[in-house]
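A short write-up of the structure that comes next.
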Amino acid sequence: MKKGNETALTKRKAPAFSLPASNGEKVSLSDYKGRKVVIYFYPQDNTPTCTQESCDFRDYNGKFAELGVEVIGISPDELKAHDKFIAKYELPFLLLSDTNHKVAEKYGVWALKKLYGREYMGIIRSTFLINEKGYIVKEWSKVKIKNHVQSVLDAVMEMK
232 MKKGNETALT KRKAPAFSLP ASNGEKVSLS DYKGRKVVIY FYPQDNTPTC TQESCDFRDY
292 NGKFAELGVE VIGISPDELK AHDKFIAKYE LPFLLLSDTN HKVAEKYGVW ALKKLYGREY
352 MGIIRSTFLI NEKGYIVKEW SKVKIKNHVQ SVLDAVMEMK
């Protein structure tokens, strides 16, 4: 079942990871066992589209929390950049630092990109909805920001 950049997935175990987080601790996917989690991968703190996406997740965070869903952002930025980004935009969720892009590679979101004819490796903006058992139940790839977070929230509500 495919709709735009949204793909329904079933029976795909979410790749395990452990990364440094903005709260000063190491965070692992296994820390969220028994809870739903939304993981969004984004290219860089403080860029216009990444800021809009993060602020949209911030604005919907209360609704996700009411549904028992944790939101986590992951980018290749250093923790210092995450700290400034969180403070500037009052982000209420953890941002994880994947500086060597190993987790992005596991999730298939580290890929060749093109901009103005220049090719480079980078994050493909993507979101994953993971159920309580650690399985990816929905994935959005090459995310367009408009209405994206509402689409993720709708998918969470469909899980009930």
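Every number in the working numbering is 231 more than the matching position in the sequence shown, counting from 1.
For each residue, glycine too, the CB sits at the ideal point set by N, CA and C.
- In the three-state DSSP reduction, residue 364 falls in the coil class, being neither helix nor strand.
- Look at residue 278 here: in three-state DSSP terms it is coil, with no helix or strand label.
- For residue 328, the enclosing beta strand (DSSP E) has its first and last residue at 325-328.
- The DSSP-derived three-state label of residue 253 is coil.
- The beta carbon of residue 377 lies closer than 6 Å to none in the same chain, with the five residues before and after it left out.
- If you draw a straight line from the Cα of residue 345 to the Cα of residue 372, it is about 16 Å long.
- When C-beta atoms of the segment 259-275 are compared with those of the segment 357-370, three or more pairs fall below 8 Å, so the two segments count as touching.
- If only uninterrupted beta strand (DSSP E) runs of at least 3 residues are considered, those enclosed by the segment 299-385 are 300-306, 325-328, 341-346, 349-354, 357-361, 366-372.
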